[in-house]
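Residue numbering for the sequence shown is 1 to 178, as defined by my numbering.
For every residue, glycine included, the Cβ atom is placed at its ideal position computed from N, Cα and C.
Report on the structure given below.
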Amino acid sequence: MRSETRLQHRLFFALWPQADVAASLYALSGTLDAGSCARRIPRESLHMTLAFLGEVGREKLPALCELIHTLPAPAFTLGLDRIGCWPRGGIVWAGASVVSPALHECVAALWAGLKRLGFAQEKRDFAPHVTLFRHGNVRPFALAQPISWPVSAIVLVESVPGKGYHALCRSPKKNGAH
1 MRSETRLQHR
11 LFFALWPQAD
21 VAASLYALSG
31 TLDAGSCARR
41 IPRESLHMTL
51 AFLGEVGREK
61 LPALCELIHT
71 LPAPAFTLGL
81 DRIGCWPRGG
91 IVWAGASVVS
101 PALHECVAAL
111 WAGLKRLGFA
121 QEKRDFAPHV
131 TLFRHGNVRP
141 FALAQPISWP
151 VSAIVLVESV
161 PGKGYHALCR
171 SPKKNGAH
């Protein structure tokens, strides 16, 4: 079924890594022993969720795409330098020991806009991470070689069951950033 014909869309806003960053994250996940039940996230699905919206009516899509174009284009670098695990759910992730204040400002601006559109912010604190495995387990550790991720855009993404992710719109890039 084509997404345009569905009445509800499972949506989230995310940072999507460039191909070289995604390749580095995927190569890193290939070096981890996350357990026999672990499900490795495909390279093309690696991302950092900024705001999960859940099921959203088709009529809200234009306002969400308009919102993304009113946000300041992000222009900062994430240094992913640690691996962690949330045992509940078995989420093995890559994250940063020091998070740029620009990332928190980006998330705050996004949620301010979403609240104006009637969306309620999640109760739990924002925990910036890239999921590498589901149903896995590893001991947390620092990476000897951090992965540098230059962030330049926010993406509105639809999760289509059985078909993966589909970018619906993205924030304008700043000064020709990729």
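Considering Cα atoms alone, identify which of the options is closest to residue i.
i: Val107; options: Val56, Asp81, Phe126; result: Phe126
i: Val21; options: Leu67, Leu53, Ser152; result: Ser152
i: Leu25; options: Leu156, Trp93, Thr70, Lys163; result: Trp93
i: Leu78; options: Asn137, Ala102, Phe52, Pro62; result: Ala102
Which residue marks the beginning of the beta strand (DSSP E) containing residue i, and which one marks its end?
i: Val99; result: That residue, Val99, is in no beta strand (DSSP E); it is neither H nor E in DSSP.
i: Glu55; result: 48 to 57
i: Glu122; result: Element bounds for Glu122: n/a, residue is neither H nor E.
i: Glu44; result: Run containing Glu44: none; DSSP gives neither H nor E here.
i: Cys169; result: 164 to 170
i: Arg88; result: No beta strand (DSSP E) contains Arg88, which DSSP labels as neither H nor E.
What residues in its chain sit with their C-beta under 6 angstroms from that of residue i, if we drop five residues either side in the sequence?
i: His9; result: Val56, Glu158
i: Leu11; result: Leu53, Val56, Glu158
i: His129; result: Trp93, Gly95
Please list the terminal residues of the continuous alpha helix (DSSP H) segment that includes residue i.
i: Gly30; result: 19 to 30
i: Ala142; result: Ala142 -> not in any alpha helix (DSSP H); beta strand (DSSP E) instead, spanning 141 to 151.
i: Ile68; result: 61 to 70
Would you report the Cα separation of residue i and residue j, rounded to the nearest angstrom?
i: Lys174; j: Ser36; result: Legend: pLDDT at Lys174 = 49, less than 50; position of this residue unreliable, value from coordinates given subsequently. Roughly 42 angstroms separates the two Cα atoms.
i: His178; j: Pro74; result: Only weak support exists for where His178 lies, its pLDDT of 39 falling under 50; the coordinates are left without a value.
i: Trp86; j: Gly118; result: 30 angstroms
i: Pro172; j: Phe76; result: 14 angstroms
i: Gly90; j: Leu32; result: 14 angstroms
i: Pro17; j: Leu46; result: 7 angstroms
i: Leu7; j: Arg58; result: 5 angstroms
i: Pro42; j: Ala23; result: 10 angstroms
i: Ile147; j: Arg82; result: 9 angstroms
With a CB to CB cut of under 8 angstroms and the five nearest residues on each side skipped, what residues in its chain are close to residue i?
i: Ala19; result: none
i: Arg39; result: Phe133, Arg134, His135, Gly136
What residues in its chain sit with their C-beta under 7 angstroms from that of residue i, if we drop five residues either side in the sequence?
i: Lys115; result: Gln121
Taking DSSP as the reference, what is the three-state secondary structure of residue i?
i: His9; result: strand
i: Val138; result: coil
i: Gly113; result: helix
i: Ala108; result: helix
Can you check whether the C-beta of residue i is within less than 8 angstroms of a C-beta belonging to chain D?
i: Phe12; result: You won't find chain D in this structure, because it holds only one protein chain.
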